[in-house]
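In the order they appear, the protein sequences are chains A and B.
Going by the working numbering, the first sequence opens with residue 1315, and the numbers climb by one from there.
Going by the working numbering, the second sequence opens with residue 6, and the numbers climb by one from there.
We put the beta carbon where it would ideally sit given N, CA and C, even for glycine.
Structure first, commentary second.
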Amino acid sequence: MNSLEVRRLAYAYPDGTQALFGVDLSIRRGERVALLGPNGAGKTTLVLHLNGILTAGHGTVTVAGTPVRKDTLKEVRQRVGLVFQDPDDQLFMPTVRDDVAFGPANAGLRGAELDRVVEDALARVGMLELADRPPHHLSFGQRRRVAVATVLAMAPEILVLDEPSSNLDPAARRELAEILRSLDVTVLMVTHDLPYALELCERALILSGGVIAADGPTRKLLADADLLARHRLELPYGFAIPDA
Amino acid sequence: MGAGHHHQLHLPGDSVVHRLPPQCKLLAVFAFALVVVATPRERLWAFACYALLLAGVAAAARVPPGRLLRRMVIEVPFVLFAVFIPIVGLGERISVLGLSLSLPGLWAAWNILAKATLGVAASVLLTATTEPRAILLGAQRLRLPSLLVQIAMFMLRYLDVIVGEMRRMRVARESRGFEARDLRHAPVLARSAGALFIRSYERGERVHLAMLSRGYTGRMPVVDDLAASARQWGLALALPALALAVWGLTW
Ligand SMILES: Nc1ncnc2c1ncn2[C@@H]1O[C@H](COP(=O)(O)OP(=O)(O)OP(=O)(O)O)[C@@H](O)[C@H]1O
Ligand SMILES: [Mg+2]
């Protein structure tokens, strides 16, 4: 079964801006996929459909066999872990521990079982020692890691990250890559960081002008200079795709 | 985004008072304040006993007296107000150190000062021995309106973020040569304040999305097991109970 199926998804914002024009994609369980595309391509809009925060104007989204609908929202939000771009938007509780506990507690966990889930999630991102600190006293990279832990604690079927490497220093960026690689979940990663996509994701999608413009092995897409140029994507200066 | 100054109120410790569940302490302080306010101002002995009771709590909590006094500066406006009443007050006058003061004014000033001081001291003891977060959990536990508790919780969390945003906007203004020198610059500051409001509002929307994504349905899940034992309730409510006893004895 596929972790994620999106069929002919179209969406216009209330002010009339048409952001998605019929997106088709499917992601198999356990795959790590990069979602690339220029500013304004509709990546964030697409991501917000995956757990039903925005509702499709047209088309369908299916998560692990469950269609995203009003009556399935609770189940879908448990299965899709969304990590927002700004960790300050994601971490809203007074302490790291409370924040990580928020999702599983909404799902009904309490007591020792809740503690175990929270500590396990924090340990997976190496943040267990900081559990009782308030989020605003952490560094940006630490907050990003805690943000990942908040969704890991919900044991999601698919982890969706919006620009996870933005604003991280090189060491924090590498540490996050190690964490993501160590996880045994399906990952969809929105990013402008093409080398990061190459490093972490075997497959990539290019979203451009509200449709999927390319879908294939990351290495192959990034080697196609014409394709990249058509969609305003650029490799960093001096970056050459290393031999496999 | 440096350490939030709002955490300085709390004095970490491990005393009996620190360990009491927050809802017990909240209720105790509230009941104590009620008794104090209900005490007629002429019963000087009662107020002295109330002060002694608080001193006892401070000693049990190992809050140094100096710290307690420094935290009480928020009371200063009341003090200033109280000082004026006897000077401008009407009625029978008496002469103190060559100053002619109104007697009813003196009683009114004493009434405000004594009650405010006792109330503030009790609150300072509460915040010194209870983390801000625990106070909110206690309020939730006492079934205060959930919306109010959530608002307070978000203020606690986002105060630093908003102060940081304000600072970044000021740096941005000043690096482009702006200096607020007189009233003519007020419109610029007003526009900045407007932008700050919109930024904060939009952040609120994004936070709400993040909460929905993790299954929020309008109520904060109560995760901490804050159940208080009868002994803990008894211990906490000893303060207002003793105050009530003083009130009765000085009748
Ligand atoms: N709340 C909104 N109301 C109206 N239009 C919006 C809104 N949010 C985004 N848009 C528009 O929808 C389109 C897609 O935006 P989206 O945020 O999905 O792009 P993106 O691919 O995430 O871009 P970026 O790489 O800059 O994050 C853009 O044209 C944008 O202006
Ligand atoms: Mg975006």
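Candidates 117(B), 88(B) and 207(B): closest to residue 104(B) by CA position:
In the second sequence, counting from the first residue as 1, residue 104(B) sits at position 99. Selected option, being the one with the closest Cα: 88(B).
Residues from the segment 1479 to 1496 of chain A in contact with chain B, defined by Cβ distance under 9 Å:
Taking 9 Å as the Cβ-Cβ cut-off against chain B, none of the residues of the segment 1479 to 1496 of chain A qualify.
If you draw a straight line from the C-alpha of residue 101(B) to the C-alpha of residue 122(B), how long is it?
As a first step, residue 101(B) is located in the second sequence; it is residue number 96 there, counting from the start. As a first step, residue 122(B) is located in the second sequence; it is residue number 117 there, counting from the start. Computed Cα separation, rounded: 23 Å.
9 Å Cβ cutoff, residue 1420(A) in contact with chain B:
Reading the first sequence from its first residue, position 106 is the one you call residue 1420(A). Interface residue, yes.
Can you give me the C-alpha to C-alpha distance between residue 55(B) and residue 64(B), rounded to a whole angstrom?
Working through the second sequence from its first residue, we reach residue 55(B) at position 50. Working through the second sequence from its first residue, we reach residue 64(B) at position 59. Cα to Cα, residue 55(B) sits roughly 14 Å from residue 64(B).
Is there a Cβ of chain B sitting closer than 9 Å to that of residue 1268(A), yes or no?
Given a span of 1315 to 1558 for chain A in the structure shown, any question on residue 1268(A) remains unanswerable.
Would residue 138(B) count as contacting chain A if we go by Cβ distances under 9 Å?
Reading the second sequence from its first residue, position 133 is the one you call residue 138(B). So, interface residue.
At a Cβ cut of 7 Å, what residues of the segment 147 to 181 of chain B count as close to chain E, listed as they run along the chain?
In summary, chain E is missing from the structure at hand, where the protein chains are A and B.
Applying the 10 Å Cβ sphere with the 16-neighbour rule, what's the burial state of residue 126(B)?
On the second sequence, position 121 is the one that residue 126(B) refers to. So residue 126(B) ends up on the buried side.
Please classify residue 1544(A): is it buried, with 16 or more other beta-carbons within 10 angstroms of its beta-carbon, or exposed?
For the purposes of this step, residue 1544(A) is taken as the residue at position 230 of the first sequence. Exposed, because fewer than 16 other Cβ atoms sit within 10 Å of the Cβ of residue 1544(A).
Following a CB-centred definition, is residue 1355(A) positioned closer than 8 Å to any heavy atom of ligand 1?
In the first sequence, residue 1355(A) corresponds to position 41, counting from 1. Flag set: Cβ of residue 1355(A) near ligand 1.
DSSP beta-bridge partners for residue 1529(A)?
Numbered from its first residue, the first sequence carries residue 1529(A) at position 215. For residue 1529(A), which the question treats as bridged, DSSP gives the partners 1519(A).
Answer yes or no: do residue 1462(A) and residue 1442(A) have a C-beta to C-beta separation smaller than 9 Å?
Here residue 1462(A) is taken as the residue at index 148 of the first sequence, counted from 1. Here residue 1442(A) is taken as the residue at index 128 of the first sequence, counted from 1. Taking 9 Å as the Cβ cut-off, residue 1462(A) and residue 1442(A) do not qualify as a contacting pair.
Check the Cβ of residue 122(B) against every Cβ in chain A and list those closer than 9 Å, keeping chain order.
Along the second sequence, one-based indexing puts residue 122(B) at 117. Chain A residues near residue 122(B): none, gap ~30 Å exceeds 9 Å.
May I have a chain-ordered list of the alpha helix (DSSP H) segments no shorter than 4 residues that lie completely inside the segment 131 to 156 of chain B?
137 to 146
CA nearest to the CA of residue 231(B), picked from 98(B), 30(B) and 249(B):
As a first step, residue 231(B) is located in the second sequence; it is residue number 226 there, counting from the start. Here the closest residue by C-alpha is 30(B).
Answer yes or no: the CB of residue 1504(A) versus the heavy atoms of ligand 2, is any distance below 8 Å?
Working through the first sequence from its first residue, we reach residue 1504(A) at position 190. Result yes, Cβ under 8 Å from ligand 2.
Between which residues of its own chain and residue 34(B) is the CB-CB distance below 7 Å, once the five residues before and five after are set aside?
Numbered from its first residue, the second sequence carries residue 34(B) at position 29. The answer, listed in chain order, is 127, 128 and 131.
Is the beta carbon of residue 1333(A) sitting closer than 9 Å to the one on residue 1351(A)?
In the first sequence, counting from the first residue as 1, residue 1333(A) sits at position 19. In the first sequence, counting from the first residue as 1, residue 1351(A) sits at position 37. No, the Cβ-Cβ distance between residue 1333(A) and residue 1351(A) is not below 9 Å.
At a CB-CB cut-off below 8 Å, which residues of chain B make contact with residue 1391(A)?
As a position in the first sequence, residue 1391(A) is number 77, starting the count at 1. Within chain B, the residues near residue 1391(A) are 217, 218, 219 and 220.
What's the gap between the Cα of residue 12(B) and the Cα of residue 1400(A)?
As a working note, residue 12(B) is residue 7 in the second sequence. As a working note, residue 1400(A) is residue 86 in the first sequence. Residue placement at residue 12(B) is poorly supported in this model, since its pLDDT is 46, which falls under 50; the coordinates still yield a value, given next. The alpha-carbon atoms of residue 12(B) and residue 1400(A) are separated by roughly 24 Å.
Using the C-alpha atoms, what's the distance from residue 1317(A) back to residue 1415(A)?
In the first sequence, counting from the first residue as 1, residue 1415(A) sits at position 101. In the first sequence, counting from the first residue as 1, residue 1317(A) sits at position 3. Roughly 25 Å between the two C-alpha positions.
If you measure between the beta carbons of residue 1475(A) and residue 1410(A), is that distance less than 9 Å?
Here residue 1475(A) is taken as the residue at index 161 of the first sequence, counted from 1. Here residue 1410(A) is taken as the residue at index 96 of the first sequence, counted from 1. No.
Taking just the CA atoms, how far does residue 138(B) sit from residue 1432(A)?
What you label residue 1432(A) is simply residue 118 of the first sequence in a count that begins at 1. What you label residue 138(B) is simply residue 133 of the second sequence in a count that begins at 1. Distance between the alpha carbons of residue 1432(A) and residue 138(B): 18 Å.
Taking residue 196(B) as the reference, give the member of 218(B), 214(B), 213(B) and 171(B) with the closest Cα.
Numbered from 1 along the second sequence, position 191 holds the residue referred to as residue 196(B). For the residues 218(B), 214(B), 213(B) and 171(B), the minimum Cα distance to residue 196(B) belongs to 171(B).
For ligand 1, is there any heavy atom lying closer than 8 Å to the beta carbon of residue 1290(A)?
There is simply no residue 1290(A) to check, as chain A begins at 1315 and stops at 1558 in what is shown.
Nearest-angstrom beta carbon gap, residue 1508(A) and residue 1547(A) [assumed within contact, 8 Å]
Translated into positions along the first sequence, residue 1547(A) becomes position 233. Translated into positions along the first sequence, residue 1508(A) becomes position 194. Between the beta-carbon of residue 1547(A) and that of residue 1508(A) there is about 7 Å, and that keeps the pair under the 8 Å contact cut.
Looking only at its chain, what residues have a beta carbon closer than 7 Å to the beta carbon of residue 62(B), apart from the 5 residues adjacent to it on each side?
Along the second sequence, one-based indexing puts residue 62(B) at 57. 22, 130 and 244, listed in sequence order.
With respect to 8 Å, is the separation between the Cβ of residue 1521(A) and the closest non-hydrogen atom of ligand 1 below this value?
Position 207 of the first sequence, counted from the start, is the residue given in the question as residue 1521(A). Within the chosen limit of 8 Å, ligand 1 reaches the beta carbon of residue 1521(A) through at least one heavy atom.
How far does the alpha helix (DSSP H) with residue 250(B) in it reach, from first residue to last?
Translated into positions along the second sequence, residue 250(B) becomes position 245. Per DSSP, residue 250(B) belongs to the alpha helix (DSSP H) from 235 to 254.
Under 8 Å from any heavy atom of ligand 2, does the C-beta of residue 1476(A) make it?
Within the first sequence, residue 1476(A) is the residue found at index 162, counting from 1. Correct: residue 1476(A) has its Cβ closer than 8 Å to ligand 2.
Quick one: which chain B residues come within Cβ less than 7 Å of residue 1417(A)?
Translated into the one-based positions of the first sequence, residue 1417(A) becomes position 103. Chain B residues near residue 1417(A): 219 and 220.
In the structure shown, what three-state DSSP assignment does residue 163(B) receive?
The residue labelled residue 163(B) in the question sits at position 158 within the second sequence. The answer is helix: DSSP assigns residue 163(B) an H, G or I state.
Per-residue burial, residue 92(B) [other beta carbons within 10 Å of its own, 16 or more giving buried]
Reading the second sequence from its first residue, position 87 is the one you call residue 92(B). The residue is exposed, with fewer than 16 neighbouring Cβ atoms inside 10 Å.
Measuring only between beta-carbons, confirm whether residue 1367(A) sits less than 9 Å from chain B.
The residue given as residue 1367(A) occupies position 53 in the first sequence. Judged by the 9 Å Cβ criterion, residue 1367(A) is in contact with chain B.
Where do the N-terminal and C-terminal ends of the beta strand (DSSP E) with residue 1324(A) fall, by residue?
Residue 1324(A) sits at position 10 when you count from the first residue of the first sequence. That run of the beta strand (DSSP E) goes 1316 to 1326.
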